[in-house]
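J.:
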Amino acid sequence: MKDNKGTLGRKALASVGAAALGLVGVVGLTTTAFAADSGNIDPARDGTSSLTVHKYLGLSSDEFGPNNGSLLTGDDIPDLPVAEGVEFTIQQVGVKGADDSCTPINLLTNDGWDQASEVSEDGLGTDYCLIVGSAETLETDESGVAEFEDLSFGMYYVTEGDDNGDNNIVQKVDPFFVTVPYPSYSGETGADHVWTYDVHVYPKNQASEAPEKTIEERPSDLIIGSTVTWTISAVIPDTADAITEASIYDLLDDRLSYVSSTVKIGDADVAAGDVTSPSEGDTDAITWTFTDPQGLAAINANKGKTITVEFVTTVTSVGDGEIENAPGIPDNGYGSSFNDTPTPGETTPATYWGQLAILKTDDSETARVLQGAEFQVFEQGAGACAANAEGAGTAIATGTSGADGVVLWDNATPANSSPLGLWVANYQDVNDVPTEGATKDYCVYETKAPVGYVAGSIANPVTITPGELDENEYTLTVVNTQQDGPDLPLTGADGTRMMIIGGTALVLLAGGLYLVQRRRNHAQQ
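If you count the sequence shown from 1, you need to add 9 to reach this note's numbering.
1. With distances taken between CB atoms, is the gap from F299 to A255 smaller than 9 angstroms?
2. What is the rounded straight-line gap between the Cα of L431 and the Cα of D283?
3. Which ranges does the beta strand (DSSP E) cover as unbroken runs of at least 3 residues, wholly within the segment 449–488, from first to last along the chain?
4. Is it right to say Q491 is buried, meaning 16 or more other beta carbons lie within 10 angstroms of its own, or is it exposed?
5. Report back the beta-carbon spacing between V208 and V189 to the nearest angstrom; my notes put them in contact at under 8 angstroms.
6. Nearest to S79 by CA position, among T205, R54, G328, is which residue?
7. Helix, strand or coil for A243? Go by DSSP, reduced to three states.
8. Ordered along the chain, which non-local residues of its own chain (more than five positions away) have a Cβ less than 8 angstroms from that of A398?
9. Return the CA-CA distance between T271 and P212, expressed in angstroms with no decimal places.
10. I need the straight-line Cα distance from D293 to L261, nearest angstrom please.
11. Between F347 and the rest of its own chain, which residues show a CB-CB distance below 6 angstroms, the 5 nearest in sequence each way excluded?
12. Need the endpoints of the beta strand (DSSP E) that S266 sits in, please.
13. Using the Cβ count rule (16 or more neighbours within 10 Å means buried), how would you classify L17?
14. In the DSSP output, which residue or residues are listed as bridge partners for G430?
15. Starting from L305 and walking both ways along the alpha helix (DSSP H), at which residues does that stretch end?
16. Determine the burial state of V259: buried for a count of at least 16 other Cβ atoms within 10 Å of its Cβ, exposed for fewer.
17. Going by alpha carbons, who is nearest to A155 out of V210, A249, G48, D109?
18. What did DSSP end up calling D293 once you bin it into helix, strand or coil?
19. My assumption, with CB atoms under 8 angstroms, is that G414 sits in contact with L379. Please give the rounded CB distance.
20. Per DSSP, what kind of secondary structure is E151 in: helix, strand or coil?
21. Kindly give me the distance between the Cβ atoms of I232 and Y267, rounded to whole angstroms, as I take these residues to be in contact under 8 angstroms.
22. Leaving out five residues on either side along the sequence, give the residues of the same chain with a beta carbon under 6 angstroms from the beta carbon of T317.
This is the structure in structure tokens:
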């Protein structure tokens, strides 16, 4: 609080009483003309002065020291983002009377400056009060500025409100006192004693950095039911005050199911008792909350370091094919929270999935479905598909055509069903997806044809795109032809003629044999 009163701080206000001795005899003479180089307070500015609050995100004593109430310009302006929509309230400070009345501190008297010095040193205590009805509240504009105009001389109590606008402020400005006018004497020997009537203050604060979320390059496998690993990292704010709440949160897409996680601060693992983690199978909002007091002790001992949460999820279905975790609260958001101030992430990592469905038919003019054909699916490597399944590597899925000709996949979810969900791509941000869309190539082989049929094409390259297939839509139709049978005897006119000739020959041969046999019999008699 006391860092916000300028370079003079308490000593400046205490010395103002002596500096204001020259005002005796001119108090109340608001029409008195003052020379341009006068060191006296100008009573004509009473009621026409101002107090301007400048709100920068992340302003700290390391980046910007106390100012003397004047407007900063040029290189003295902090190179930090401004905070729009933050509420500030000022209220005039008074002296408490015997009847519990509250009379404004009069800074056109030496007693008034002595009282201001006492309030600055010790706070309101029992002798001072806030003037009822004097409160004025403003929101900072797009420049991060709240300007209170036409102020009377006096001491003001400045507080930051609960409304942060859209800013992730984790440590509000401590309430502080400021006088109008403000004694802007620099304290250097020979420097001018300056009274600032349009006072500018730059209260220090601390904002939380937006967390980052990334996705692993590939899932554990390439089919639905595989796991995908995500990582959320968040910097612990380097606040002056203690952090009393700390958590990392995510809202899972309904096609993801939580499996497990690890949590680190810096390079050190966080003990199980220091953080509460989600439960296996959670499918909606999941949170890692640092426990009180153990976990929060670790947080406060490591301000400025990074919390890293790496967690595994199972992909349970395809849907529209795009499974993302987008920033924003509360819908599908992820982020960090410190001192009950949620800060959403800014990037949207996503994993993309599609489907493969195969229909098996013969080559009839009206195609008839075939049961019993066996298939294997492989990830296509560099270049084209291998000539056959034996040279394609390790199959990621196997299936057999059913009675309706549709291939049912052993590795599908659920098992022995169609279609087969296949991974397409992972991207660190949806904005990284090519304009033509995400795709992935696979190779399909018919490894066994139905009985009586010839196997189809040796290699069937397929390109999978994100999303579900429509009903009765197939990625691939594999056609088989029947096996050839043996040549059958010829039938028709030529065949009949040959049979007659052959038959006649047999009759003649039989007759000849009969005559030979009769002659032999007569000869023996």
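Glycine is no exception: its CB is placed at the ideal position from the N, C-alpha and C atoms.
T.: According to the structure shown:
1. Between F299 and A255, the C-beta gap is smaller than 9 angstroms, which places the two residues in contact.
2. Whole-angstrom Cα-Cα distance: 38 angstroms.
3. Fully enclosed beta strand (DSSP E) runs of 3 or longer: 449–457, 469–473.
4. A residue is called buried when at least 16 other Cβ atoms come within 10 angstroms of its Cβ; Q491 does not meet this threshold and is exposed.
5. Rounded to the nearest angstrom, the Cβ distance from V208 to V189 is 6 angstroms, consistent with a contact under 8 angstroms.
6. If we check each option's Cα against that of S79, T205 comes out closest.
7. Strand at A243.
8. Sequence-distant Cβ neighbours of A398 in its own chain, meaning closer than 8 angstroms and more than five residues away, are Q385, F387, A404, Y454, T456.
9. P212 has its alpha-carbon roughly 38 angstroms from the corresponding atom of T271.
10. In a straight line, the C-alpha of D293 is about 5 angstroms away from that of L261.
11. The residues V179, S217, P246, I252, A255, in chain order, have a CB closer than 6 angstroms to that of F347 in the same chain once the five nearest residues on each side in sequence are set aside.
12. For S266, the uninterrupted beta strand (DSSP E) segment begins and ends at 265–274.
13. Confidence is the limiting factor: at L17 the pLDDT is only 36, short of 50, which leaves the residue's position unreliable, though a coordinate-based value still follows. Counting Cβ neighbours within 10 Å, L17 comes out buried, since at least 16 surround it.
14. Answer is Q364.
15. First-last of the alpha helix (DSSP H) with L305: 303–310.
16. Before going on, a small fix: residue 259 reads as Asp here, not Val. Result: buried.
17. Ranking V210, A249, G48, D109 by Cα distance to A155 puts V210 first.
18. Looking at D293 - three-state DSSP - the assignment turns out to be coil, as it is neither helix nor strand.
19. Contact flag correct, Cβ pair sits at about 6 angstroms.
20. If DSSP states are grouped into helix, strand and coil, E151 belongs with coil.
21. Contact between I232 and Y267 does not hold, since the beta-carbon distance rounds to 20 angstroms and is not under 8 angstroms.
22. If we look at T317 and ignore the five residues flanking it on each side, its Cβ neighbours are S242, K273.
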